[in-house]
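Step one of this worksheet: look at the structure below.
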Amino acid sequence: MNMKKSLSVTTLGLAVLGFGFTNNASASEIDTVDKQPVLVDLDTIQSTKTSSVPSLTIAAAPKNDSNISVYTPFFGNPYAVAKSKSTTTEDYVYAKARTFNGDGSLVNTKSNSAKKSSFVSATATNTSIYYGDDYAIGNHTYKLSGYNDVNHETKAFW
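Heads up: the sequence shown is residues -27 to -1, 1 to 131, going by mature numbering (1 follows the signal peptide of the UniProt record, and there is no 0).
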């Protein structure tokens, strides 16, 4: 009887200690930063436009910044964002995001373009069940009269 009593007291004491150390946060206490998508990889290409027109100096030449970023959100499918940005208003700007399986097969593609703009982006989701070796490719085009067209290709991995 004495052994059962001490075993019961020990079990009860451990249960109280175990429950005392748990910490359950309510939904309002969870930091919203934890819910933001995680940037997995990023590839960026920057270049300065060239011109065959002698009066357009190199100092005034616009710069083009192309990148692709791949994200894994807390909920939902992973996705890729291709961004095309210029330091001046271009005649035409284009961005295309494509997601691929690890074996190279196309999963999804989205594109966007704008005239008389300095920025455009495109977002493509990756609906693969396993995306550990998947990747995304971004295609970027910039056109401005008086300057040579600029084409970039960026690539990032999940």
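We treat Cβ as the ideally placed atom computed from N, Cα and C, and that holds for glycine.
| said: Which of the three DSSP states is assigned to residue 34 in this structure? | reply: The residue you call residue 34 lines up with position 61 of the sequence shown. Secondary structure of residue 34 (DSSP, three-state): coil.
| How many whole angstroms separate the CB atoms of residue 43 and residue 55, which I take to be in contact at a CB cut-off of 8 Å? | In the sequence shown, residue 43 corresponds to position 70, counting from 1. In the sequence shown, residue 55 corresponds to position 82, counting from 1. 10 Å between Cβ atoms; not a contact.
| Range of the contiguous beta strand (DSSP E) that encloses residue 19 | Within the sequence shown, numbered from 1, the residue matching residue 19 stands at position 46. Secondary structure note for residue 19: its beta strand (DSSP E) is the uninterrupted segment 11 to 21.
| So the beta strand (DSSP E) residue 64 belongs to, where does it begin and stop? | On the sequence shown, position 91 is the one that residue 64 refers to. For residue 64, the enclosing beta strand (DSSP E) stretches over residues 52 to 73.
| Going by DSSP, what residues sit across from residue 49 in a beta bridge? | For the purposes of this step, residue 49 is taken as the residue at position 76 of the sequence shown. Residue pairing of residue 49 in beta bridges, as defined by DSSP: absent, with no partner found.
| query | Going by Cα to Cα distance, which pick from 117, 51, 110 and 123 is closest to residue 13? | reply | If you number the sequence shown from 1, residue 13 lands on position 40. Nearest of 117, 51, 110 and 123 to residue 13, Cα basis: 51.
| request: Can you tell me which of 16, 38 and 28 puts its alpha carbon nearest to the alpha carbon of residue 91? | output: Within the sequence shown, the letter at position 118 stands for residue 91. Per the C-alpha coordinates, the member of 16, 38 and 28 positioned closest to residue 91 is 38.
| request: Quick one: using the 10 Å Cβ neighbour count with 16 as the cut-off for buried, is residue 58 buried or exposed? | output: Position 85 of the sequence shown, counted from the first residue, corresponds to residue 58. Residue 58 should be labelled buried.
| query | Which of the three DSSP states, helix, strand or coil, is assigned to residue 117? | reply | By one-based count along the sequence shown, residue 117 stands at place 144. It is coil, neither helix nor strand.
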